[in-house]
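Participant:
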Amino acid sequence: KQEVTQIPAALSVPEGENLVLNCSFTDSAIYNLQWFRQDPGKGLTSLLLIQSSQREQTSGRLNASLDKSSGRSTLYIAASQPGDSATYLCAVYAGNMLTFGGGTRLMVKP
Amino acid sequence: EAGVAQSPRYKIIEKRQSVAFWCNPISGHATLYWYQQILGQGPKLLIQFQNNGVVDDSQLPKDRFSAERLKGVDSTLKIQPAKLEDSAVYLCASSFRGAGTGELFFGEGSRLTVL
């Protein structure tokens, strides 16, 4: 059974810092990995999708990497802004099922 | 392009009552998912449809939960009778070809409180 873990569970940083969110998964036989953002009381917004054959994806200030062999992905956020405050979730697709981690709650202080 | 629509946004019921949630996916998306998200946790898949057929319902508590997707478009998720532990946000998502090849797009969710 696939298990997805996100560390840290919560993170508070001052505005302008670069930061890294971590995601680990137990079964490396995945099809893809997706990072989502969730604002309070809202649904999930897709940020980046990495196919199993890819090693990273970039969108603006966001960069996600994937290391299948070690079962890890990282989401790098450059020059963080207060508007980046949200919960960030990673999800792994394997065995015909998308499994989510518990999320990292990020607060960026002005 | 319209997103995934869900209703109602909020519902408060007493235990042992029933409730139904509705989802309209993005037009043309063949795959539809229902997730349960308990406060502070990541979403957990309840059921996945491909068109109007069930692909995976292994984590659906079938003694009280049911879901259908008639005509391969809209879907409803029903809980009867509700328990206190069913308090959660129920998220509907859709994808064009399935999560293995494409992105999932989520609705804003239906928040259920069971008293």
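Those sequence lines, one after another, are chains A and B. Each residue of the first sequence is one higher than the one before, counting from 6 in the numbering used here. Each residue of the second sequence is one higher than the one before, counting from -5 in the numbering used here. For every residue, glycine included, the Cβ atom is placed at its ideal position computed from N, Cα and C.
Using a beta-carbon distance cut-off of less than 7 angstroms, what residues from the stretch 92 to 110 of chain A approach chain B?
Facilitator: Leu94, Tyr98, Asn101, Met102, Leu103, Phe105, Gly106, Gly107, Gly108
Participant: Nearest chain B C-beta to Gly76(A) closer than 7 angstroms, yes or no?
Facilitator: no
Participant: So, Gly106(A) versus Cys28(A), is the Cβ gap smaller than 7 angstroms?
Facilitator: Contact: yes.
Participant: Using a C-beta to C-beta distance shorter than 7 angstroms, which residues of chain A count as neighbours of Phe100(B)?
Facilitator: Gly48, Leu49
Participant: Taking a contact to mean a Cβ-Cβ separation below 7 angstroms, would you say Ile32(B) touches Val(-2)(B) in this structure?
Facilitator: no
Participant: If you check the beta carbons only, do Ala76(B) and Gln11(B) fall under 7 angstroms apart?
Facilitator: At the C-beta level, Ala76(B) and Gln11(B) come within 7 angstroms of one another.
Participant: List the residues of chain B that Leu38(A) touches, going by C-beta distances under 7 angstroms, in chain order.
Facilitator: Under the 7 angstroms cutoff, chain B gives no residues; its nearest Cβ is about 11 angstroms from Leu38(A).
Participant: Could you check the C-alpha separation between Leu54(B) and Ser60(B) for me, to the nearest Å?
Facilitator: Taking the Cα positions, Leu54(B) is about 8 angstroms away from Ser60(B).
Participant: Using 10 angstroms around the beta-carbon of Gly88(A), count the other beta-carbons present and answer buried if the total reaches 16, otherwise exposed.
Facilitator: exposed
Participant: To the nearest angstrom, how far is it from the Cα of Ser69(B) to the Cα of Trp16(B)?
Facilitator: Roughly 6 angstroms separates the two Cα atoms.
Participant: Would you call the CB atoms of Gln44(B) and Asp50(B) closer than 7 angstroms?
Facilitator: no
Participant: Is there a C-beta anywhere in chain A that falls below 7 angstroms from the one on Leu54(B)?
Facilitator: no
Participant: According to DSSP, is Gly100(A) helix, strand or coil?
Facilitator: coil
Participant: Is the beta carbon of Gln59(A) sitting closer than 7 angstroms to the one on Ala69(A)?
Facilitator: no
Participant: Excluding the 5 residues flanking Leu38(A) on each side, which residues of the same chain have their C-beta closer than 6 angstroms to its C-beta?
Facilitator: Ile55, Leu71, Ser78, Val97
Participant: Within the same chain, show all residues whose beta-carbon is closer than 8 angstroms to that of Ala(-4)(B), passing over the 5 residues directly before and after it, in chain order.
Facilitator: Ile20, Ser21
Participant: Can you check which of these residues, Thr104(A), Pro115(A), Tyr93(A), is closest to Asp44(A) by C-alpha distance?
Facilitator: Tyr93(A)
Participant: Do we get a CB-CB distance below 7 angstroms when we pair Leu85(B) with the residues of chain A?
Facilitator: yes
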